[in-house]
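A.B. asks: Let me give you the structure first, and then I'll get to my questions.
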Ligand code: DC
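Numbering (our numbering), first residue to last: 180 to 421.
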């Protein structure tokens, strides 16, 4: 399936387009973006994974996430790459594929801390824009609609209450056979929300032209339907060619 944007006459007007999905941790951005990418036949780009890779590098080098100078000095010494194979994104650090290593809970805190450092954001900015220049993308993160792709054709700000997000994370961990503590998860989610939205550079906030979608009370299927509706209403005409 291939999706193209057409004008009223049915001619292809623009082969590439971008959908930005921003929102707080645990709102379900990546699940939503993956489902939409599959439906629309475009690439899903997980920008959180890119910050997680820097967070991972910082931990590997024994640097504290709070040591701004140490983190900035490290940027000159590391190579961060996102590669796409069969529609899946793989993060590489100095040529090594990190796989699931960036998903550890400890890495979430490192990622959130390094993401508040302006030099880190500058270091990763061009890489994210380049991916969007070369592909039609659905990109999720915190500042995609505001900073990375301010001209994205569609911007969605996905949110849910902290309690709902903590509950989902809790159930996810139970399913993985872990023994999570709901109260602790809620505290961590609130800490990350505060850090991500109160930092000086590229704080988490909806772009002025973003459509707000709160999925606290709706299912994943309903969220995908609502987001697809938003995308189709924002793009002049989306045809599904086979
Ligand atoms: O979405 P995530 O949990 O994988 O993101 C990890 C951290 O990276 C999160 O604390 C916020 C930060 N981040 C960011 O500041 N900007 C982005 N575009 C994506 C993630």
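Glycine is no exception: its CB is placed at the ideal position from the N, C-alpha and C atoms.
I need the boundaries of the alpha helix (DSSP H) containing residue 349, first residue and last residue.
C.D. replies: Position 170 of the chain shown, counting from 1, holds the residue named residue 349. For residue 349, the enclosing alpha helix (DSSP H) begins and ends at 341 to 354.
A.B. asks: Closest to residue 336 by CA distance: which of 385, 239, 224 and 402 is it?
C.D. replies: Counting from one through the chain shown, the residue named residue 336 turns up at place 157. Measuring from the Cα of residue 336, the nearest candidate turns out to be 385.
A.B. asks: Grab me the residues of residue 361's own chain with a C-beta within less than 6 Å of its C-beta, minus the 5 sequence neighbours each way, in chain order.
C.D. replies: Within the chain shown, the letter at position 182 stands for residue 361. 349.
A.B. asks: Closest to residue 224 by CA distance: which of 199, 244 and 372 is it?
C.D. replies: On the chain shown, position 45 is the one that residue 224 refers to. Taking only the C-alpha atoms, the option nearest residue 224 is 199.
A.B. asks: Does the segment 405 to 416 come close enough to the segment 324 to 331 that 3 or more CB-CB pairs lie under 8 Å?
C.D. replies: no
A.B. asks: Could you pull the start and end residues of the alpha helix (DSSP H) that residue 264 belongs to?
C.D. replies: Reading the chain shown from its first residue, position 85 is the one you call residue 264. From DSSP, residue 264 is part of no alpha helix (DSSP H) but of the beta strand (DSSP E) over 259 to 264.
A.B. asks: Using the Cβ count rule (16 or more neighbours within 10 Å means buried), how would you classify residue 303?
C.D. replies: Locating residue 303 in the chain shown gives position 124, where the first residue counts as 1. Residue 303 is buried by the Cβ-count criterion.
A.B. asks: I'd like to check one pair, residue 250 with residue 316: are the Cβ atoms closer than 8 Å?
C.D. replies: Your numbering for residue 316 matches position 137 in the chain shown. Your numbering for residue 250 matches position 71 in the chain shown. Contact flag unset, no.
A.B. asks: Counting only the same chain and skipping the five closest in sequence on each side, list residues whose C-beta sits under 7 Å from that of residue 273.
C.D. replies: Residue 273 sits at position 94 when you count from the first residue of the chain shown. Around residue 273: 257 and 258.
A.B. asks: Name the DSSP beta bridge partners of residue 390, please?
C.D. replies: Counted from its first residue, the chain shown places residue 390 at position 211. Note: residue 390 sits in a beta bridge opposite 335.
A.B. asks: Hey, is residue 389 close to the ligand DC, as in C-beta under 7 Å from one of its heavy atoms?
C.D. replies: In the chain shown, the residue the question calls residue 389 occupies position 210. False, no ligand heavy atom lies under 7 Å from that Cβ.
A.B. asks: What I want to know is whether the C-beta of residue 227 ends up closer than 7 Å to one or more non-hydrogen atoms of the ligand DC.
C.D. replies: Position 48 of the chain shown holds residue 227. Yes, Cβ of residue 227 sits closer than 7 Å to a heavy atom of the ligand DC.
A.B. asks: Just the C-alpha distance for residue 406 and residue 334, rounded to the nearest angstrom, thanks.
C.D. replies: In the chain shown, the residue the question calls residue 406 occupies position 227. In the chain shown, the residue the question calls residue 334 occupies position 155. The alpha-carbon atoms of residue 406 and residue 334 are separated by roughly 10 Å.
A.B. asks: Between residue 349 and the ligand DC, is there a pair consisting of the residue's CB and a ligand heavy atom that are separated by less than 7 Å?
C.D. replies: By 1-based counting over the chain shown, the position of residue 349 is 170. Outside the cutoff, so no.
A.B. asks: Would you give the residue range spanned by the alpha helix (DSSP H) that residue 208 belongs to?
C.D. replies: As a first step, residue 208 must be located in the chain shown, where it is residue number 29. Here the alpha helix (DSSP H) through residue 208 covers 208 to 219.
A.B. asks: What separation, rounded to the nearest whole angstrom, lies between the Cα atoms of residue 246 and residue 283?
C.D. replies: On the chain shown, position 67 is the one that residue 246 refers to. On the chain shown, position 104 is the one that residue 283 refers to. So the two alpha carbons sit approximately 20 Å from each other.
A.B. asks: What is the DSSP secondary structure of residue 205, counted as helix, strand or coil?
C.D. replies: Locating residue 205 in the chain shown gives position 26, where the first residue counts as 1. The answer is coil: DSSP assigns residue 205 none of H, G, I, E or B.
A.B. asks: Determine whether the beta carbon atoms of residue 208 and residue 202 lie at a separation below 8 Å.
C.D. replies: Within the chain shown, numbered from 1, the residue matching residue 208 stands at position 29. Within the chain shown, numbered from 1, the residue matching residue 202 stands at position 23. In this structure, residue 202 lies closer than 8 Å to residue 208 by Cβ.
A.B. asks: Can you tell me which of 204, 197 and 211 puts its alpha carbon nearest to the alpha carbon of residue 397?
C.D. replies: The residue given as residue 397 occupies position 218 in the chain shown. Checked all of 204, 197 and 211; the closest Cα to residue 397 is 211.
A.B. asks: Run through DSSP, which three-state label would residue 267 get?
C.D. replies: To locate residue 267, count along the chain shown from 1; it is residue 88. In this structure, residue 267 counts as strand in the three-state DSSP scheme.
A.B. asks: Tell whether a beta-carbon distance below 8 Å holds between residue 378 and residue 290.
C.D. replies: Numbered from its first residue, the chain shown carries residue 378 at position 199. Numbered from its first residue, the chain shown carries residue 290 at position 111. The Cβ atoms of residue 378 and residue 290 lie no closer than 8 Å to each other.
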